[in-house]
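Presented below is the structure to which this report refers.
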Ligand code: NAD
Ligand code: ZN
Ligand code: ZN
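In my numbering, the protein residues as written are 184 to 527.
This is how it looks when you write it as structure tokens:
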């Protein structure tokens, strides 16, 4: 089968032929319908050898949906042909946090040395994907698996970051979303679906701001030197109760600090490597800072429920798997809108 493999650090992946894996005891083989193209893959490719504990090579793709192809011995309760999403963070399955469904925060992550399929283990950018356990399957119901993959990361990560802060988003509050790409555009949809907050979207690319407006953002502002004062004006000086930074660079974090409200929160989701000075006088009083990572399995079920109710519909552009390298180049250049999904 064809697979998009990372074979060398700081290098583009390669599209190679590899054998279709056989599900062993307790494992599940998924026929991939679509695999999302996440900006984190660019970070993974760009970081030097040793920055991540992963061993090369492995197949990329940590945002996957498809159909059950075959279950290994001992796997019960799942049938071939069932439409499923793949829960991406693979923990040990036995620690306290895994038991709570939060495999994204597995206590034994340092020993496991891989974050999941597509992040140190073979992922979904291939015709088939082997799951080490049915624990990572979530039923999709009537959703089309070819376009559902973004729910598992773009959707889940945004949902987790928002859900933990929903109590801040009371009527009259403001949520600022910086970076309206794969994650940020779903965050705008989620905020509109889940809260009465006024949603302010910020991006440097005009096309992304158009998408934010179409998805219901109340304001869409170009990210420049005037953005912070515009946000202050829009909020009568109060600032935003929740700032979701889907870039995480020096500039956007400075914007976050300038826009957050007293008692507000800055959630840093993007991995661009910026730093946010924390201390008295650096942030508004009682402003919290969080660095949320991905989300829990029950939260993925909730995201899928919202998609099934058509309360959120990620904007998906599909490409054949063979175009993976070109799609990654376009992602890097900021030329994609919404989320790109590869179809094997
Ligand atoms: P993306 O490339 O689809 O979107 C990034 C968006 O940010 C683009 O629309 C781009 O125009 C915009 N942007 C870039 N620089 C900007 C600036 N200075 N000001 C305003 N907007 C700017 O990326 P994505 O797949 O949505 O991922 C976003 C970030 O989140 C990446 O860093 C990714 O690695 C990270 N990520 C984190 C988690 C997590 O669990 N914490 C999960 C998935 C992705
Ligand atoms: Zn991702
Ligand atoms: Zn664990």
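Where is the CB? At the ideal position from N, CA and C, for every residue including glycine.
Does the distance from the CB of residue 374 to the CB of residue 385 come in under 8 Å?
-> One-based indexing of the chain shown puts residue 374 at position 191. One-based indexing of the chain shown puts residue 385 at position 202. With respect to residue 385, residue 374 sits apart: the two C-beta atoms are not nearer than 8 Å.
Contacts around residue 458, its chain only, beta-carbon distance under 8 Å, and the 5 residues preceding and following it disregarded = Position 275 of the chain shown holds residue 458. 433 and 436, listed in sequence order.
When the distance is taken between beta carbons, is residue 246 closer than 8 Å to residue 214?
-> Translated into positions along the chain shown, residue 214 becomes position 31. Translated into positions along the chain shown, residue 246 becomes position 63. No, these two residues do not count as a Cβ contact at 8 Å.
Shortest alpha-carbon distance to residue 443 belongs to which of 361, 422 and 265?
-> Your numbering for residue 443 matches position 260 in the chain shown. The residue with the shortest Cα to Cα distance from residue 443 is 422.
Is residue 291 near ligand 3, going by C-beta to nearest heavy atom under 7 Å?
-> Mapped onto the chain shown, residue 291 falls at position 108. Flag set: Cβ of residue 291 near ligand 3.
Confirm, please, whether the CB-CB distance from residue 212 to residue 206 is below 8 Å.
-> Along the chain shown, one-based indexing puts residue 206 at 23. Along the chain shown, one-based indexing puts residue 212 at 29. Residue 206 is a Cβ neighbour of residue 212, given a cutoff of 8 Å.
Should residue 276 be listed as close to ligand 3, given that the test is whether its C-beta is under 7 Å from any heavy atom?
-> One-based indexing of the chain shown puts residue 276 at position 93. For residue 276, the Cβ falls inside the 7 Å cut-off from some heavy atom of ligand 3.
Pick from 449, 190, 497 and 518: whose alpha carbon is nearest that of residue 304?
-> Counting from 1 along the chain shown, the entry for residue 304 is found at position 121. The candidate whose alpha carbon is nearest that of residue 304 is 190.
Is the closest heavy atom of ligand 1 to the C-beta of residue 508 under 7 Å?
-> Position 325 of the chain shown, counted from the first residue, corresponds to residue 508. Not so, every heavy atom of ligand 1 lies at least 7 Å from the Cβ.
Helix, strand or coil for residue 365, going by three-state DSSP, please let me know.
-> For the purposes of this step, residue 365 is identified with residue 182 of the chain shown, where counting begins at 1. Helix at residue 365.
Length of the line joining the Cα atoms of residue 369 and residue 495 = Stepping through the chain shown from its first residue, residue 369 is reached at position 186. Stepping through the chain shown from its first residue, residue 495 is reached at position 312. Cα atoms of residue 369 and residue 495: separation of roughly 7 Å, rounded to the nearest angstrom.
For residue 401 and residue 318, the rounded distance between their alpha carbons = Residue numbering aside, residue 318 sits at position 135 when the chain shown is read from its first letter. Residue numbering aside, residue 401 sits at position 218 when the chain shown is read from its first letter. Cα atoms of residue 318 and residue 401: separation of roughly 39 Å, rounded to the nearest angstrom.
Going by Cα to Cα distance, which pick from 454, 453, 466 and 438 is closest to residue 445?
-> Mapped onto the chain shown, residue 445 falls at position 262. Nearest of 454, 453, 466 and 438 to residue 445, Cα basis: 466.
Helix, strand or coil: how does DSSP classify residue 331 here?
-> The residue labelled residue 331 in the question sits at position 148 within the chain shown. In the structure shown, residue 331 adopts helical secondary structure according to DSSP, grouped into three states.
Rounded straight-line distance, which links the Cα of residue 468 to that of residue 222 = Position 39 of the chain shown, counted from the first residue, corresponds to residue 222. Position 285 of the chain shown, counted from the first residue, corresponds to residue 468. Put simply, the backbone Cα of residue 222 is about 33 Å away from that of residue 468.
When we look at the beta-carbon of residue 279 and count the other beta-carbons within 10 Å, is it buried (16 or more) or exposed?
-> For the purposes of this step, residue 279 is identified with residue 96 of the chain shown, where counting begins at 1. Residue 279 should be labelled exposed.
Count the other CB atoms, across all protein chains shown, that sit within 10 Å of the CB of residue 431; report buried if there are 16 or more and exposed otherwise.
-> Looking up residue 431 in the chain shown gives position 248. Counting the other Cβ atoms within 10 Å of the Cβ of residue 431 gives 16 or more, which makes it buried.
Nearest-angstrom Cα distance between residue 378 and residue 486?
-> As a position in the chain shown, residue 378 is number 195, starting the count at 1. As a position in the chain shown, residue 486 is number 303, starting the count at 1. So the alpha carbons of these two residues sit roughly 15 Å apart.
Entirely within the segment 262-320 and at least 3 residues each: give me those beta strand (DSSP E) ranges in chain order.
-> List check, beta strand (DSSP E) in window: 266-269 and 311-314.
Let me know the secondary structure DSSP gives residue 389 once reduced to three states.
-> Counted from its first residue, the chain shown places residue 389 at position 206. Here residue 389 sits in helix by DSSP.
Quick one, are the C-beta atoms of residue 452 and residue 429 less than 8 Å apart?
-> Sequence index remark: in the chain shown, residue 452 carries index 269 (1-based). Sequence index remark: in the chain shown, residue 429 carries index 246 (1-based). Going by C-beta atoms, residue 452 is nearer than 8 Å to residue 429.
Residue 394 vs residue 521 beta-carbon contact at 8 Å | Within the chain shown, the letter at position 211 stands for residue 394. Within the chain shown, the letter at position 338 stands for residue 521. Between residue 394 and residue 521, the C-beta spacing is below 8 Å.
Over the uninterrupted beta strand (DSSP E) stretch that includes residue 525, give me the two end residues.
-> On the chain shown, residue 525 is found 342 positions in, with the first residue counted as 1. In the DSSP annotation of this structure, the continuous segment of the beta strand (DSSP E) that includes residue 525 starts and ends at 522-526.
Neighbourhood of ligand 2 [Cβ distance below 5 Å to any heavy atom], ordered by chain position | Selection output, chain order preserved: 221, 223 and 336.
Cα-Cα separation, residue 499 to residue 330 = What you label residue 499 is simply residue 316 of the chain shown in a count that begins at 1. What you label residue 330 is simply residue 147 of the chain shown in a count that begins at 1. Each residue's alpha carbon lies about 7 Å from the other.
May I ask whether a heavy atom of ligand 1 can be found less than 7 Å away from the beta carbon of residue 477?
-> Numbered from 1 along the chain shown, position 294 holds the residue referred to as residue 477. At least one heavy atom of ligand 1 is nearer than 7 Å to the Cβ of residue 477, so yes.
Near ligand 1: residue 429 beta-carbon under 7 Å from a heavy atom | Your numbering for residue 429 matches position 246 in the chain shown. Answer for residue 429: yes, Cβ within range of ligand 1.
Does DSSP put residue 459 in a helix, in a strand, or in coil?
-> Looking up residue 459 in the chain shown gives position 276. Here residue 459 carries a coil assignment [DSSP, helix/strand/coil].
Can you give me the Cβ contacts of residue 262 inside the same chain, cut-off strictly under 7 Å, excluding the 5 residues immediately before and after it?
-> As a working note, residue 262 is residue 79 in the chain shown. Non-local beta-carbon contacts of residue 262 in its own chain, meaning distances under 7 Å to residues more than five positions away in sequence, involve 251 in chain order.
Cβ-heavy atom distance between residue 280 and ligand 3 below 7 Å?
-> Position 97 of the chain shown, counting from 1, holds the residue named residue 280. At least one heavy atom of ligand 3 is nearer than 7 Å to the Cβ of residue 280, so yes.
So, are the CB atoms of residue 321 and residue 491 less than 8 Å apart?
-> Along the chain shown, read from residue 1 onward, the residue named residue 321 stands at position 138. Along the chain shown, read from residue 1 onward, the residue named residue 491 stands at position 308. Not closer than 8 Å, so no.
With distances taken Cα to Cα, identify the nearest neighbour of residue 270 among 390, 477, 327 and 418.
-> Looking up residue 270 in the chain shown gives position 87. For residue 270, the nearest C-alpha among the options comes from 477.
Cβ separation of residue 192 and residue 225, assumed to be a contact under 8 Å, to the nearest whole Å = Residue numbering aside, residue 192 sits at position 9 when the chain shown is read from its first letter. Residue numbering aside, residue 225 sits at position 42 when the chain shown is read from its first letter. That belief does not hold up - the Cβ atoms of residue 192 and residue 225 are roughly 13 Å apart, past 8 Å.
Do the CB positions of residue 242 and residue 309 come within less than 8 Å of each other?
-> Against the chain shown, residue 242 aligns to sequence position 59. Against the chain shown, residue 309 aligns to sequence position 126. Cβ atoms of residue 242 and residue 309: closer than 8 Å.
How far does the beta strand (DSSP E) with residue 402 in it reach, from first residue to last?
-> Stepping through the chain shown from its first residue, residue 402 is reached at position 219. Here the beta strand (DSSP E) through residue 402 covers 402-405.
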